[in-house]
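Step one of this worksheet: look at the structure below.
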Amino acid sequence: MRLACRQRSFDDRQATRPKFRALLDNARPGDTARICGAEGGRRPAVAAGRTEDVRTTTIGRARRVYENRLRALVPDRDRSHRQPPHPRFPEAGGDPMKRSDVLRRLHAKAEAGRPVIGAGAGTGLTARCAVAGGADLLIVYNSGRFRMAGRGSLAGLLPYGDANAIVVEMAREVLPLIGDVPVLAGVCGTDPFRDMGRFLDELRAMGFAGVQNFPTVGLYDGTFRVNLEETGMGYGLEVDMIRLARERDLLTAPYVFDPDQAADMARAGADVLVPHVGLTTKGTVGAATALTLDQAAEAVQRMHDAAKRVDPAILVLCHGGPIAEPEDVRYVLEHTEGVVGFFGASSIERLPTELAVTERTRAFASLTPRRPAAGPPGPVPEPEGGDPACLLHLVCPECGGIPDAPGATVCPRCGEPLPSGG
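Next comes the structure, spelled out in structure tokens:
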């Protein structure tokens, strides 16, 4: 730190309050104090060469005034010079539900023959409505923000934002609204800039009860997918993330895309398996290419069977592709064995919103205002210079047309007789 006062300066890497007080004792009103350093340094004094940040203040006439002004220039001892990689909101929610309690509830519902429903929530309003509708699980992930911004869900896989940071931001909006419904965080398990174990601990501290692997490289295929696997950014990292979450007693509900992945996730300790059969169809930004319902049911069944061979207690839901409406879910449940529910994201928050807003706006736009009844017209005043006489009392009651000349007998727009009869 370099501090200059009354043309005197000293360099001090171990500056303390007593040393500043000694300097103040020699300061005079009107002197200028200048500190070069980094705001938020690990110590009160930071080497001047580390930053070009310069702060100045003028010594006041009263001792307390210039003490306070100089103190304001000194970096806070407790702040780190490094900003966290993402915002932290420890106040976002209360203590999360215990994994054992959530599983007990989900298994009881499945054994009672009722479907287990998971709902993606991109806004607090979606979360509130999904809970009111009977959702058993809520999932917050970055694609929810893009969906509710009118973009397709695959925007969550593209470089439009830090996926894990977005989830942390969304937590503040969703978690305080939810009572006893467990909320899961969509975690990008391939994120190379986070210590995944530490990040999972932070999510738990915020109030998340569990995790799901999204964004996921499972939605990629072809050469690009092969290259991801070859360069250390493959699906195996998502399996590792689920394993770390299970070790922390977080509920895990991973997406899987083939039987091998289903078996791997079951071995990693997944509690709820969600076979993913593609981007959801229908709506304004839904996919046009998808499996048929029969093909989707067969794919879900294969993934179910692979996971059950590893862990018979695992719960299996279905998601994606042509499974978009309640009747689609009913078809898949009727054509599979052991699948106990549905996880909906676009199906629960995007499609209903598109339909509801469109139909409600259409209903308002179809209303017909009542026109005022046409009374007997008064005499038409003769022009006496200036502006032409007002003819509004001759408005046609049929179309609202106005005659363009005094004494008109028919509407110039629709040809109907005017009530004045001329």
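The sequence shown begins at 1 in full-length UniProt numbering and counts up by one.
All residues carry an ideal CB built from backbone N, CA and C; glycine is no exception.
All figures in this text were calculated on a predicted structure; none of them were measured in a lab.
Distance check between F208 and each of L219, R248, D191 places R248 closest, using alpha-carbon atoms only. Put simply, of C129, V181, R151 the residue whose alpha carbon is nearest the alpha carbon of L106 is V181. If you draw a straight line from the Cα of A130 to the Cα of A121, it comes to about 8 angstroms.
Beta-bridge partners of A119 (DSSP): L138, G344.
Distances from the CA of L250 to each of V102, E354, G179 were compared; the closest alpha carbon is that of V102. In the displayed model, T292 falls within coil according to three-state DSSP, outside both helix and strand.
Here T216 is buried: its Cβ has 16 or more other Cβ atoms, across all protein chains shown, within 10 Å.
The straight-line gap separating the alpha-carbon atoms of A132 and V183 is approximately 14 angstroms. Non-local beta-carbon contacts of I242 in its own chain, meaning distances under 8 angstroms to residues more than five positions away in sequence, involve G189, V211, N213, T252, P254, M265, A268, G269, A270 in chain order. Excluding residues up to 5 positions away in sequence, D180, P182, A209 lie with their Cβ nearer than 7 angstroms to the Cβ of M97 in the same chain. Judged by DSSP secondary structure, V357 falls within the alpha helix (DSSP H) whose first and last residues are 351–365.
At the C-beta level, V277 and I323 come within 8 angstroms of one another. Listed as beta-bridge partners of T252 by DSSP are V211. Per the C-alpha coordinates, the member of D136, A119, L137 positioned closest to S143 is A119. By the beta-carbon neighbour count (other beta carbons within 10 angstroms, threshold 16), A185 is buried. If you compare the alpha carbons of L137, M148, V168 with that of E349, the shortest gap goes to M148. With distances taken between CA atoms, G320 lies nearest to G344 out of G344, A165, R309. Of the residues Y235, A127, D136, C318, the one whose Cα lies closest to the Cα of A296 is C318. At the C-beta level, L367 and V340 stay beyond 8 angstroms of one another.
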